[in-house]
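Here is the structure we will look at, set down as structure tokens.
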Amino acid sequence: MTFEETAYNTSRRILSWAEEDRPREKLLLKGKGALSDAELIAILIGSGTRELSAVDLSKIILQKASNNLNELAKLSLKDLMKIKGIGEAKAISIAAALELGRRRKDSDVVRRPKITSSKDAYEQIRSYLMDLPHEEFWVLLLTRSNEVIRPVQISQGGISGTIADPKIIFKSALEHLASSMILVHNHPSGNLKPSEADKELTRRLVTSGKLLDIPILDHLIISELGYLSFADEGLL
């Protein structure tokens, strides 16, 4: 056993730790920012040795790089594999993760499209609903500054209707931390006039959105002839 391994040999195995102190569980409970560099590397390598936990082995890996991630990225696979307990697979996992981090720095930040009008919303969602022979219900989830987080399909129905469950709609918004949303569905018939059911559903969702602090900004009906905006028509 090397001196470096002995220095950490008093640590308990990870599985005997309190759940909130295990790297994977800690990430789930507290978020990735709560983990140390060693804990993040431990998740990458997955396991330690008979004498060392994955976290303790990760501390040794970091020591080899003077506890500096930039220096760690300079180590070759052969350098990493010189550490007892680090085989080819673990060395490759570490190198791949560090390379992803380097590429992220070089990547441009993707700017989300911003919704400033019903036409903007229509342009973002129309390709999902054009030319469909059946009705579908979608939502555009938005950030606080009205940037599009993502479009989400809520339901798919028949020629004359589809079910839009408010629980599923707001569950999608909460899961993606949306600050607001725009409702969208299509009318395959080409008729852009909202039905009484469309109006009633919109009223219910607007009321629920106010209670949950996730306002409904608009409801679009899309057909091959264009679109109708509830907001533009004063129907919200």
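Heads up, the sequence shown is in UniProt numbering, so the first residue is 1 and it goes up one at a time. Here a beta-carbon is modelled for each residue, glycine too, at the ideal position from N, C-alpha and C.
Residue i, DSSP secondary structure in three states
i: I182; result: strand
i: L225; result: coil
i: E218; result: As written in the sequence, residue 218 is Asp, which differs from the Glu given in the question. Strand at D218.
i: S155; result: strand
i: L201; result: helix
i: S172; result: helix
i: K210; result: helix
i: K26; result: helix
i: F3; result: Confidence at F3 is low in this model, with a pLDDT of 45, below 50, so the placement of that residue should be treated as unreliable; the coordinate-derived value is given next. Helix at F3.
i: E233; result: coil
i: P166; result: helix
Outcome for residue i when other beta-carbon atoms lying within 10 angstroms are tallied against a minimum of 16
i: M130; result: exposed
i: D213; result: exposed
i: G48; result: buried
i: residue 242; result: This structure does not reach residue 242, given that the chain is present from 1 up to 236, and the question cannot be answered.
i: E123; result: exposed
i: A121; result: buried
i: N186; result: buried
i: V139; result: buried
i: I222; result: buried
i: V148; result: buried
i: A34; result: exposed
i: R203; result: exposed
i: residue 269; result: Residue 269 lies beyond the residue range present for the chain, which begins at 1 and ends at 236; the question has no answer from this structure.
i: K30; result: exposed
i: residue 280; result: The chain is shown only over 1 to 236; residue 280 falls outside these bounds and no answer can be derived.
i: S66; result: exposed
Within-8 Å CB hit, residue i to chain B
i: D213; result: Considering every chain present, this structure includes no chain B. It has just one protein chain.
Nearest-angstrom beta carbon gap, residue j and residue i [assumed within contact, 8 Å]
i: residue 245; j: A178; result: Residue 245 cannot be examined here, being either before or after the span of the chain that is shown, 1 to 236.
i: L72; j: L57; result: Not really, about 14 Å apart at Cβ, beyond 8 Å.
i: F170; j: S208; result: 6 Å
Reference residue i; option with closest CA among the options
i: R112; options: E136, R150, H134, L75; result: R150
i: L80; options: E51, V110, I41; result: I41
i: G226; options: E88, K193, K30; result: K193
i: A38; options: E88, G31, L69, L28; result: L69
i: H134; options: G157, L201, S145; result: G157
i: A173; options: A97, Q153, R24, P188; result: Q153
i: D218; options: L211, E233, E224; result: E233
i: V55; options: E196, L211, I86, E136; result: I86
i: I216; options: L29, I222, V206, S223; result: V206
i: D198; options: L28, E136, I83; result: E136
i: K74; options: R103, L52, K167, E99; result: E99
i: I159; options: R144, I168, S189; result: S189
i: G46; options: E200, R22, S229, S195; result: R22
i: R126; options: I182, K82, K167; result: I182
i: S155; options: P166, L228, H176; result: P166
Inside the stretch 72 to 150 only - alpha helix (DSSP H) runs reaching at least 4 residues:
Counting only runs of 4 or more residues that sit fully inside the stretch 72 to 150, the alpha helix (DSSP H) segments are 77 to 81, 88 to 106, 118 to 129, in chain order.
Which runs of the alpha helix (DSSP H), 4 residues or longer, sit entirely within the stretch 29 to 69?
Within the stretch 29 to 69, the complete alpha helix (DSSP H) runs of at least 4 residues fall at 37 to 45, 54 to 64.
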